[in-house]
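Visitor: Provided herewith is a single structure, encoded as C-alpha cells, for subsequent inquiry.
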Amino acid sequence: MASNTGTDPGAGSTTGEQDLYAGTQETTEGRVFTVSGQDWDSISEGLEEGAEERVVVNMGPQHPSTHGVLRLILELEGETVTEARCGIGYLHTGIEKNMEFRSWTQGVTFCTRMDYLSPFYNEASYVLGVERLLDIEDDVPEKAQVMRVLLMELNRISSHLVAIATGGMELGALTVMTIGFRERELVLDLFELITGLRMNHAFIRPGGVAQDLPPGALDEIRGFLDLMRKRLPEYAALANANPIFKGRLEGVGHLDLEGCLALGLTGPPLRATGYPWDLRKSEPYCGYETYDFDVQTWDTADAYGRFRVRLAEMWESLKIVEQAAERLAALEGAPIMVADKKVAWPSQLSIGSDGMGNSLDHIRHIMGESMEGLIHHFKLVTEGFRVPVGQAYVPVESPRGELGAHVVSDGGTRPFRAHFRDPSFTNLQATSVMSEGGMVADVIVAIASIDPVMGGVDR
Numbered sequence: 212m213a214s215n216t217g218t219d220p221g222a223g224s225t226t227g228e229q230d231l232y233a234g235t236q237e238t239t240e241g242r243v244f245t246v247s248g249q250d251w252d253s254i255s256e257g258l259e260e261g262a263e264e265r266v267v268v269n270m271g272p273q274h275p276s277t278h279g280v281l282r283l284i285l286e287l288e289g290e291t292v293t294e295a296r297c298g299i300g301y302l303h304t305g306i307e308k309n310m311e312f313r314s315w316t317q318g319v320t321f322c323t324r325m326d327y328l329s330p331f332y333n334e335a336s337y338v339l340g341v342e343r344l345l346d347i348e349d350d351v352p353e354k355a356q357v358m359r360v361l362l363m364e365l366n367r368i369s370s371h372l373v374a375i376a377t378g379g380m381e382l383g384a385l386t387v388m389t390i391g392f393r394e395r396e397l398v399l400d401l402f403e404l405i406t407g408l409r410m411n412h413a414f415i416r417p418g419g420v421a422q423d424l425p426p427g428a429l430d431e432i433r434g435f436l437d438l439m440r441k442r443l444p445e446y447a448a449l450a451n452a453n454p455i456f457k458g459r460l461e462g463v464g465h466l467d468l469e470g471c472l473a474l475g476l477t478g479p480p481l482r483a484t485g486y487p488w489d490l491r492k493s494e495p496y497c498g499y500e501t502y503d504f505d506v507q508t509w510d511t512a513d514a515y516g517r518f519r520v521r522l523a524e525m526w527e528s529l530k531i532v533e534q535a536a537e538r539l540a541a542l543e544g545a546p547i548m549v550a551d552k553k554v555a556w557p558s559q560l561s562i563g564s565d566g567m568g569n570s571l572d573h574i575r576h577i578m579g580e581s582m583e584g585l586i587h588h589f590k591l592v593t594e595g596f597r598v599p600v601g602q603a604y605v606p607v608e609s610p611r612g613e614l615g616a617h618v619v620s621d622g623g624t625r626p627f628r629a630h631f632r633d634p635s636f637t638n639l640q641a642t643s644v645m646s647e648g649g650m651v652a653d654v655i656v657a658i659a660s661i662d663p664v665m666g667g668v669d670r
C-alpha cells in the first residue's frame, strides 16, 4: 500500500489506495485522521477546512471497550457511523500450524488457548474429532462424558458472566462488572479444584479426561449451585427493567434472522431472533440428548435480546450441572479413560510428595516388571498414537455459537491439518451491519453483544 508522506494531495497515491496509518493527509477519497494522541489541533484545523468531508478514526486495538485487540475503522459523519470495518490479526498465534508439529494428544494443549474464555469447548471439539477418526466414540467411558458436560456447562456460565460483566462495564454499569467477576471467580475455583488450573486446562483428552474428580469436588459443586441460585437474580434485578440499561441496549445492534443466516451467525445473536438453534439439541454430542434443559430464545434481535438469552442460558446450565453432578455421584470409581492402552494417555496419575505424576504402581510396573510396558509407555509419550487416514468435523455449541474442529489425518502420529471454525470470527462479520447508521456509543454496545474473543478470532 502506498504511503502519503508528502504534502502533495496526490503524492504516493498512484495506486488509488489510501494509507489509513498516516497522519492528516489528502487522499483520492477524502481526508483521513488517525487519532493517536497530541494531534487534536491538526484534526480541528482539518475539520474547519472541510466540514462536509468524512472523518475516519481508529477505535482500538488498544481501546478498552473493543474486547481485546480488535481494531475498528469507523467512518463518521458527526456522531453517526456511516461505515464500520474490523481490523483483525493482532493476536495471531499460529496455533493451528503448531498443532501439525505435535502429537494428537499434545494438540489439546494448543487449542485450549484459542478462545481463552471457553477453553473446554476448544478441547472438546478437537478431541471429539480425533475420537471419530479413531472410531472410539462409543468406547469413551460414561463418566468421562459426564465430566466433559459438567465442565463445559460450568464454562458456559463463566463465559457468559464475563460477557455480561464487560458489557456492563462499557456502559458504565460498574456493579454488573464487579458482581460478574465475583461469580466467575467461584467457577474458576472449581476448575482449579478439578483440573489443577484456572484456564488453559488441556484436561479433555482423546479417549476421556486427564484424571478423576478429586475428593470433595461434588460437595463444592453443589455448594456453588446453591449460591448461584441466589446470586443470578441480582443480574435480573440490576439490569432487566433498568430504564438506563434498556435505553442503551434496546433497538441497538439490530440484526434479524435473515441477516444472521446470511452471515452465518450462531449462538446468542441467532437465538435472540427467536430461532431455537442449539447444537446440544439439534446435533447432540457427549450425551446431551439425555439431559433435561430448554433452548433459550428472545424475539427482539437486538443487544438487549442477546443479554437476556445469555442470562437465561446460565439458569439452564445450572440445571445441566446439577444433573451431571447426580450422575457422577452414582459413578464413583468408574473409569475416566478408554481401556485401550494404545490410546489412553496420561497413565494413571496420583498426588505424591513432590506433586502430581504417574502413580507409583504404574512406575513399578514399567520399571521393574514389564520391559514391553516400558517400551510402550516411552513410545506413547514421545511419539503418540497413530490415527487412521481421514477427516472429521465435529461442532459443539460454545457460549458464542458453533465451534467446530476440522481435523485431517494422513495416518501419522500428528495432525496433517487442524482448522477451527470459531464463532467469534464468523460473528464479527456482523459488526458493520449492526453499527452503521447508529451512534459511536452504540458501536461499543453492538460489539459487546457479539461477545468476540480475539484469541479465537485470530488463532
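Just so we're aligned, residue 212 is where the sequence shown starts under my numbering, counting upward by one. Glycine included, C-beta positions come from ideal geometry on N, C-alpha and C.
Do residue 633 and residue 668 have their C-beta atoms within less than 8 Å of each other?
Guide: yes
Visitor: For residue 602, which residues does DSSP report across the bridge?
Guide: 619
Visitor: List, from N- to C-terminal side, the alpha helix (DSSP H) runs of 4 residues or more that fit wholly inside the stretch 266-350.
Guide: 306-310, 318-322 and 330-345
Visitor: Provide the residue span of the alpha helix (DSSP H) that contains residue 412, from first to last.
Guide: Neither: residue 412 is in no alpha helix (DSSP H) and is coded neither H nor E.
Visitor: What number of angstroms, rounded off, separates the C-alpha of residue 280 from the C-alpha of residue 635?
Guide: C-alpha separation (whole angstroms): 13 Å.
Visitor: Decide if residue 303 is buried, meaning its Cβ has at least 16 other Cβ atoms within 10 Å, or exposed.
Guide: exposed
Visitor: Following the continuous alpha helix (DSSP H) through residue 435, name the residue where it begins and the one where it ends.
Guide: 428-446
Visitor: First and last residue of the alpha helix (DSSP H) that includes residue 538?
Guide: 514-541
Visitor: Let me know if residue 479 comes out buried or exposed under the rule of 16 or more other beta-carbons within 10 Å of its beta-carbon.
Guide: buried
Visitor: Which residue from 468, 493, 463 and 495 puts its Cα closest to that of residue 482?
Guide: 468
Visitor: Any contact between the stretch 536-550 and the stretch 424-438? By contact I mean 3 or more CB pairs, one from each, below 8 Å.
Guide: yes
Visitor: Between the Cα of residue 616 and those of 624, 272 and 602, spot the shortest distance and give me the residue it belongs to.
Guide: 602
Visitor: Ends of the beta strand (DSSP E) at residue 628?
Guide: 628-632
Visitor: Which class does residue 262 belong to by DSSP, given the choice of helix, strand or coil?
Guide: Because the pLDDT at residue 262 is just 49, under 50, the model does not fix this residue reliably, and the value given afterwards should be weighed accordingly. Residue state, collapsed to three classes: coil.
Visitor: Using DSSP with H/G/I as helix, E/B as strand and the rest coil, what is residue 568?
Guide: In the three-state DSSP reduction, residue 568 falls in the strand class (E or B).
Visitor: How big is the Cα-Cα spacing for residue 408 and residue 510?
Guide: 38 Å
Visitor: Just the C-alpha distance for residue 691 and residue 646, rounded to the nearest angstrom, thanks.
Guide: Nothing in the structure corresponds to residue 691, since the chain is present only between 212 and 670.
Visitor: Going by alpha carbons, who is nearest to residue 501 out of 549, 554, 535 and 368?
Guide: 535
Visitor: Tell me the residue span of the alpha helix (DSSP H) that contains residue 640.
Guide: In the DSSP assignment, residue 640 falls outside any alpha helix (DSSP H), carrying neither H nor E.
Visitor: In this structure, does DSSP put residue 581 in helix, strand or coil?
Guide: coil
Visitor: With burial defined as no fewer than 16 other Cβ atoms inside 10 Å of the residue's Cβ, what is the status of residue 262: buried or exposed?
Guide: For residue 262, the pLDDT reaches just 49, beneath the cut-off of 50, and the residue's location in the model is therefore unreliable, although a value from the coordinates is still provided. Classification of residue 262: exposed, given that the 10 Å Cβ count is below 16.
Visitor: Can you find the residues in the same chain that come closer than 6 Å, C-beta to C-beta, to residue 355, ignoring five residues on each side of it along the sequence?
Guide: 419, 420 and 547
Visitor: If distances are taken between C-alpha atoms only, which option among 383, 575, 361 and 369 comes closest to residue 460?
Guide: 383
Visitor: What did DSSP end up calling residue 470 once you bin it into helix, strand or coil?
Guide: helix
Visitor: Residue 435: which of 453, 397 and 464 sits nearest, CA to CA?
Guide: 397
Visitor: Quick check on the DSSP output: what are the complete beta strand (DSSP E) runs of length 3 or more inside the stretch 373-403, in order along the chain?
Guide: none
Visitor: Per the DSSP calculation, residue 614 is bridged to which residue(s)?
Guide: Paired residue(s): 607.
Visitor: Below 8 Å on the Cβ atoms is my guess for residue 367 versus residue 524; work out the distance and round it to an integer in Å.
Guide: Between residue 367 and residue 524 a beta carbon distance of about 7 Å is seen, short of the 8 Å cut, so the two are scored as contacting.
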